[in-house]
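The sequence shown runs 1 to 288 under UniProt numbering.
Here's the structure, in structure tokens; my notes come after.
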Amino acid sequence: MTDHSTLPLPLTALTQAQQQSLVNIVRRAARAEILPRFRNLSAGQISTKSGPNDLVTEADTEAEKMIARGILQMFPNAHVIGEEAAHARPELRHEAAKAELAFIIDPVDGTWNFAHGLPVFGVILAATRFGRPVFGMLYDAIMDDWITADSETGAMMFGARGPHRRMRTAKGGPLGDLSGYLHFYLMDKDVQPKLAEALPDFGRTGTLRCSCHEYRMLAQGSVDFCLSGVLNPWDHAAGVLICERAGGYVQMLDGREYDIAIRDGYLLAAANEDVWNTVADRLRMLKG
């Protein structure tokens, strides 16, 4: 993980004009490559990666290519990593963590939902400097609205159908009132029994099978926390920043600051520091 106190450049955000151009690239890719394929995929346009529930579709690959091309036209010297490219070339992830400027793309987050006709999917885009997010976008292609944040301003929701509004995380409360997303079946098998014992103590836990919408729900105050043990940067970099800029608190469960170079451990994003401490205390069995 990078020691940010020794970085050669400040972790500055992108300009508002640059951010708007990135938003436009994502929206164009959704219209051209994602939405025309939704509920219109043939069997030959869907394949698996690591297992039967880890899917990739033609929409993923073509949208990623289009977004990457657009980014490189704007930032020809940037490091661009997409989920599908990283699957083919795992070293890209390591290179992105060291890059002065990197863009991380999840072209269709929630691919299982997308491939099965469920309208709970999105596009995630993050910009990082030396592993730390400085811009994030969580885009809902169905509703054509998006939440963005950068390292200097708050999290805002924008949309083609209405005025923009500020995102605020929830106030939280006692453990028994807290609800959140917890990726139980993605945890190691030896961890699941310990975790299962804790679940009845929460108000409600579940998963949307889509990090984009899970982080959106957290940022807008609809849930109190998100816990993940799979640390793919395309799932988390944008959401971590947006959660923080909406008033939330994010750390690894062992206390480390989030960085896209981290590959092990549990990432806990919460509505505020009190909620983080409450959830982390109940899940202390995961720390050791």
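From the three backbone atoms N, C-alpha and C, an ideal C-beta is built for every residue, glycine too.
Bear in mind that the values here come from a model prediction, so they are computed numbers and not experimental data.
Pairwise C-alpha distance: residue j and residue i
i: A17; j: V23; result: 10 Å
i: T57; j: I46; result: 4 Å
i: A29; j: A63; result: 6 Å
i: G70; j: H236; result: 22 Å
i: A13; j: D150; result: 6 Å
i: V279; j: S42; result: 42 Å
i: P174; j: A88; result: 44 Å
i: D190; j: I25; result: 42 Å
i: V275; j: Q251; result: 12 Å
i: D3; j: E91; result: Annotation note: pLDDT 46 at D3 (below 50); position unreliable, no value reported.
i: A59; j: A102; result: 23 Å
i: R39; j: D281; result: 42 Å
Alpha helix (DSSP H) segment containing residue i, residue limits
i: R204; result: Looking at the DSSP string, R204 is not in any alpha helix (DSSP H); the run it does join, the beta strand (DSSP E), is 204 to 206.
i: L218; result: 211 to 219
i: P174; result: It is not in any alpha helix (DSSP H) - P174 carries neither H nor E in the DSSP assignment.
i: R28; result: 16 to 29
i: P193; result: 192 to 198
i: E91; result: 91 to 98
Beta-bridge partners of residue i, as assigned by DSSP
i: Y139; result: V123, W146
i: F103; result: V80, A127
i: V250; result: A269
i: S179; result: R204
i: D109; result: G122
Boundaries of the beta strand (DSSP E) in which residue i is found, first to last residue
i: C226; result: 225 to 228
i: M74; result: Segment 58 to 74 is the alpha helix (DSSP H) holding M74; no beta strand (DSSP E) there.
i: P233; result: Here P233 belongs to no beta strand (DSSP E); instead the alpha helix (DSSP H) covers 233 to 245.
i: I46; result: 46 to 48
i: H164; result: 162 to 166
i: G159; result: 156 to 159
Beta-carbon proximity of residue i to residue j, cut-off 8 Å
i: A78; j: P233; result: no
i: R168; j: A246; result: yes
i: residue 322; j: W112; result: Here the chain has residues from 1 to 288 only, and residue 322 is not among them.
i: A238; j: M137; result: yes
Whole-angstrom C-beta distance between residue j and residue i, which should lie under 8 Å
i: G265; j: L253; result: 6 Å
i: I104; j: I81; result: 5 Å
i: G203; j: L178; result: 5 Å
i: V108; j: F121; result: 6 Å
Residue i Cβ short of 7 Å to the ligand ADP heavy atom set
i: E100; result: Looking at this structure, you won't find the ligand ADP or any other ligand, since it has none at all.
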